[in-house]
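Right, one structure below, let's go through it.
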Amino acid sequence: MEERLELLLQANVISSKAQQGCLRVIDIIDKQLSVPHDNEQYQMAITHLARAADRIWQNEAVAEGLDQDILDEISTDECYSDTLTLHQQVLDAMELHTVPSSEEGFMLANIYSLIQTSLEETK
79 MEERLELLLQ ANVISSKAQQ GCLRVIDIID KQLSVPHDNE QYQMAITHLA
129 RAADRIWQNE AVAEGLDQDI LDEISTDECY SDTLTLHQQV LDAMELHTVP
179 SSEEGFMLAN IYSLIQTSLE ETK
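In this note's numbering, the protein residues as written are 79 to 201.
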């Protein structure tokens, strides 16, 4: 995953700030969840996080957020509390203090998916 972030940085797809933040997030996720770095969901979540952080810092957040039905489904899951806790740790590691709801829904969904993936990996 670190190599992927380096490639995205070299291609000017993400900023150095996003890369450094994602490296901190990888450390947090690795300590809490059992998801291999070559997992497609893991790679997608980290890549999305880097791109979303850059959009937020540049005041260019996506206009359309995640469908409310999906967010409702996540919020009623028994892992929702864990999702919120990890989500906040990710935001702190990225130094994202204000996140538009259109971006935050996608971020929550990615964290939720990583938790679900981790649960499947430990079975």
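Backbone N, C-alpha and C fix where the C-beta goes; we use that ideal spot for every residue, glycine too.
So what's residue i in DSSP terms, helix, strand or just coil?
i	result
Asp151	According to the sequence as given, residue 151 is Glu; it is not Asp. DSSP places Glu151 in helix when its eight states are reduced to three.
Asp160	helix
Asn137	coil
Thr195	helix
Val91	coil
Met122	helix
Asp145	coil
Kindly list the residues whose CB is nearer than 6 Å to the CB of residue i, restricted to its own chain and excluding five residues on each side of it in sequence; keep chain order.
i	result
Ala128	Ile92, Ala96, Cys100
Thr200	Ser112
Asp116	none
Leu83	Gln97, Cys100
Pro178	Ala139
CB-CB under 8 Å to residue i, same chain, minus the five flanking residues each way: which ones, in chain order?
i	result
Ser191	Gln119, Ala123
Tell me the rounded alpha-carbon separation between residue i and residue j.
i	j	result
Asn137	Asp145	22 Å
Arg102	Met172	8 Å
Gln49	Ile134	No information on residue 49 is available, as it lies outside the stretch 79 to 201 that the chain covers here.
Lys109	Leu169	16 Å
Asp150	Leu85	35 Å
Ile106	Ser196	14 Å
Ile148	His126	18 Å
Answer yes or no: does any C-beta atom of chain C fall closer than 8 Å to that of residue i?
i	result
Leu86	Absent here is chain C; the protein component of the structure consists of one chain.
Apart from the five residues just before and just after residue i, which ones in its own chain have a Cβ nearer than 7 Å to its Cβ?
i	result
Ser180	Ala139, Val140, Ala141, Glu142, Gly143
Asp160	Ile193
Asp132	Ile92, Ser93, Ala96
Ile189	Thr161, Leu164, His165, Val168
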